[in-house]
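Residue numbers (my numbering): 1108 to 1373. Ideal Cβ positions, reconstructed from N, Cα and C, are used throughout, including at glycine. Structure, as structure tokens:
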Amino acid sequence: MKNNRLRNILIVVLVGIVGTCICLVATVATRPKGTSTPQVAQVEQVESAVATQAALTEVAPTDTPPPTNTPRPTDPPTETPIPTNTPEPIVLSGNGDSIVDAVNPFGAAIVHITGNAGAHFFAVKNYNESGDSIDLLVNTTDPYDGVRPLDFRDGQATTRFEVTATGDWTIEILPLASMRVLTAPGVFNGKGDDVILVEGGVPDLAKIKGNAGARYFGVRAWSDSGRDSLVNTTDPYEGTQILPRSDFLILEIQAEGEWSIEVTTK
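Printed below as a string of structure tokens:
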């Protein structure tokens, strides 16, 4: 009796299992091909949305303009200095005794004087603004053509010339750059009054010769220490003198006739 009951239970269980399997097979067989399950379809939709969003948010690259050359800074403009004009020489001329006003524009300068062609008395003095006499530039009875220093001392400033003459005369005020030059070591030959600049090596000695006619003969050296008298005589002269050591050296000669000066260096 018990065996029949167990057999019936097993039969019922087997029938249920078989029925379930048949239902599953029927369901799979009737589903259309290519149909995804709801879960798979949802995943595919999410992936598609992400891809679309990425495509929308991707920014197309823009063309970067090529770099431009930065110009080099230009140097600031410099002002071109305006050249200063050197004053022109001042030329005065006249006849006979005269008082001539003329300002020396050069400071220390030289003055070239000519006159007394008829061999009378001839004198030229210069004065400052206060009317004080500065120097007796010329004093002779011979025809004159010479160069004299003008306003070499501190505080001197010529504003007037007094001329005592018979006949024509000229006075020309010139800058120091117009001086003739003795290059040391070397020899300079001259005649009459003159003012010469010594350049070249450092001067040491001056070998001087002149005044063959036994008139007045004077030689002075101008330097940064002042004026030194080298020769002062009325006799014919030939001798050697020590020259001052200086950054510049100018020789002033007062003479009748020819002379020579040789400057040596040490």
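Original post:
From what residue to what residue does the beta strand (DSSP E) around Ser-1237 run?
Top reply: Along the sequence shown, one-based indexing puts residue 1237 at 130. Unbroken run through Ser-1237: none, as it is neither H nor E.
Original post:
How about Ala-1215 and Asp-1258: are their beta carbons less than 7 Å apart?
Top reply: As a working mapping, residue 1215 is identified with position 108 in the sequence shown. As a working mapping, residue 1258 is identified with position 151 in the sequence shown. In this structure, Ala-1215 sits near Asp-1258, with a CB-CB distance shorter than 7 Å.
Original post:
Are Ile-1280 and Val-1218 touching if we call contact CB-CB under 7 Å?
Top reply: Within the sequence shown, numbered from 1, the residue matching residue 1280 stands at position 173. Within the sequence shown, numbered from 1, the residue matching residue 1218 stands at position 111. Contact: yes.
Original post:
When the Cα atoms are used, what is the spatial distance from Phe-1355 to Gly-1308?
Top reply: Taking the first residue of the sequence shown as 1, we reach residue 1355 at position 248. Taking the first residue of the sequence shown as 1, we reach residue 1308 at position 201. Cα to Cα, the separation comes out at about 11 Å.
Subject >> Outcome for Asp-1301 when other beta-carbon atoms lying within 10 angstroms are tallied against a minimum of 16 >> reply: For this step, residue 1301 is matched to residue 194 along the sequence shown. With at least 16 other beta carbons inside 10 angstroms of its own, Asp-1301 counts as buried.
Original post:
Which two residues bound the contiguous beta strand (DSSP E) that contains Phe-1324?
Top reply: Numbered from 1 along the sequence shown, position 217 holds the residue referred to as residue 1324. Here the beta strand (DSSP E) through Phe-1324 covers 1324-1330.
Original post:
Considering only C-alpha positions, which residue in the set Ile-1360, Leu-1243, Ala-1284 is nearest to Ala-1230?
Top reply: Counting from 1 along the sequence shown, the entry for residue 1230 is found at position 123. The shortest Cα separation from Ala-1230 among Ile-1360, Leu-1243, Ala-1284 belongs to Leu-1243.
Original post:
Helix, strand or coil for Ala-1284 per DSSP?
Top reply: Translated into the one-based positions of the sequence shown, residue 1284 becomes position 177. Of the three classes helix, strand and coil, the one that applies to Ala-1284 here is helix, per DSSP.
**OP:** Helix, strand or coil for Ser-1379, going by three-state DSSP, please let me know.
**Re:** This structure cannot settle anything about residue 1379, because the visible part of the chain is limited to 1108 through 1373.
Subject >> Integer Cβ distance of Glu-1369 from Val-1294, believed to fall under 8 Å >> reply: Along the sequence shown, read from residue 1 onward, the residue named residue 1369 stands at position 262. Along the sequence shown, read from residue 1 onward, the residue named residue 1294 stands at position 187. With a beta-carbon spacing of about 4 Å, Glu-1369 and Val-1294 fall inside the 8 Å limit used to define contacts.
Original post:
Okay, do the segment 1316-1323 and the segment 1358-1365 touch, 3+ Cβ pairs below 8 Å being the bar?
Top reply: By the Cβ test, the segment 1316-1323 is in contact with the segment 1358-1365, since at least three Cβ pairs between them sit closer than 8 Å.
Subject >> Euclidean distance between Cα positions of Pro-1292 and Arg-1352 >> reply: Residue 1292 sits at position 185 when you count from the first residue of the sequence shown. Residue 1352 sits at position 245 when you count from the first residue of the sequence shown. Computed Cα separation, rounded: 14 Å.
Original post:
Mapping DSSP to helix, strand and coil, what is Val-1198?
Top reply: One-based indexing of the sequence shown puts residue 1198 at position 91. Strand at Val-1198.
Subject >> Three-state secondary structure (DSSP) of Asp-1342 >> reply: Locating residue 1342 in the sequence shown gives position 235, where the first residue counts as 1. It is coil, neither helix nor strand.
**OP:** Using only alpha-carbon positions, find the residue among Leu-1312, Leu-1304, Thr-1273 that is nearest to Thr-1372.
**Re:** Locating residue 1372 in the sequence shown gives position 265, counting from the first residue. Closest in C-alpha terms to Thr-1372, from the list Leu-1312, Leu-1304, Thr-1273, comes Leu-1312.
Subject >> Identified DSSP bridge partners for Thr-1290 >> reply: For this step, residue 1290 is matched to residue 183 along the sequence shown. In the DSSP output, where bridge partners are listed per residue, Thr-1290 has Glu-1306.
Subject >> Secondary structure of Pro-1351, DSSP reduced to three states >> reply: Here the question's residue 1351 lines up with position 244 in the sequence shown. In the structure shown, Pro-1351 sits in coil (DSSP, three-state: anything other than H, G, I, E or B).
Original post:
Quick one, which of Ala-1272, Ile-1241, Val-1288, Asn-1246 has its alpha-carbon nearest Gly-1203's?
Top reply: Along the sequence shown, one-based indexing puts residue 1203 at 96. Here the closest residue by C-alpha is Ala-1272.
Subject >> Whole-angstrom distance between Gly-1253 and Gly-1238, CA atom to CA atom >> reply: Here residue 1238 corresponds to residue number 131 of the sequence shown, with the count starting at 1. Here residue 1253 corresponds to residue number 146 of the sequence shown, with the count starting at 1. Straight-line Cα distance between these residues: approximately 25 Å.
Original post:
According to DSSP, is Arg-1267 helix, strand or coil?
Top reply: Reading the sequence shown from its first residue, position 160 is the one you call residue 1267. Secondary structure at Arg-1267: strand, using DSSP grouped into helix, strand and coil.
Subject >> Leu-1304 versus Arg-1287: straight-line alpha-carbon distance, rounded >> reply: Translated into the one-based positions of the sequence shown, residue 1304 becomes position 197. Translated into the one-based positions of the sequence shown, residue 1287 becomes position 180. Leu-1304 and Arg-1287 have their C-alpha atoms some 6 Å from each other.
Original post:
Would Phe-1268 pass as a contact of Val-1198 if the rule is Cβ separation under 7 Å?
Top reply: Start at 1 with the first residue of the sequence shown, and residue 1268 comes out as number 161. Start at 1 with the first residue of the sequence shown, and residue 1198 comes out as number 91. Contact check for Phe-1268 against Val-1198 fails: the beta carbons are separated by 7 Å or more.
Subject >> Helix, strand or coil at Ala-1230 [DSSP, three-state] >> reply: Numbered from 1 along the sequence shown, position 123 holds the residue referred to as residue 1230. Here Ala-1230 sits in strand by DSSP.
**OP:** Give me whichever residues DSSP pairs with Lys-1373 in a beta bridge.
**Re:** As a working mapping, residue 1373 is identified with position 266 in the sequence shown. Partner(s): none; Lys-1373 has no beta bridge.
Original post:
So is Pro-1256 buried or exposed if we call it buried at 16+ other beta carbons inside 10 Å?
Top reply: To locate residue 1256, count along the sequence shown from 1; it is residue 149. In this structure Pro-1256 is buried. Its beta-carbon is surrounded by 16 or more other beta-carbon atoms within 10 angstroms.
Original post:
In three-state terms, what does DSSP make of Asn-1296?
Top reply: Within the sequence shown, the letter at position 189 stands for residue 1296. Here Asn-1296 sits in strand by DSSP.
Subject >> Through-space distance from Gln-1263 to Pro-1426, alpha-carbon basis >> reply: Limits of the chain in this structure are 1108 at one end and 1373 at the other, which puts residue 1426 out of reach.
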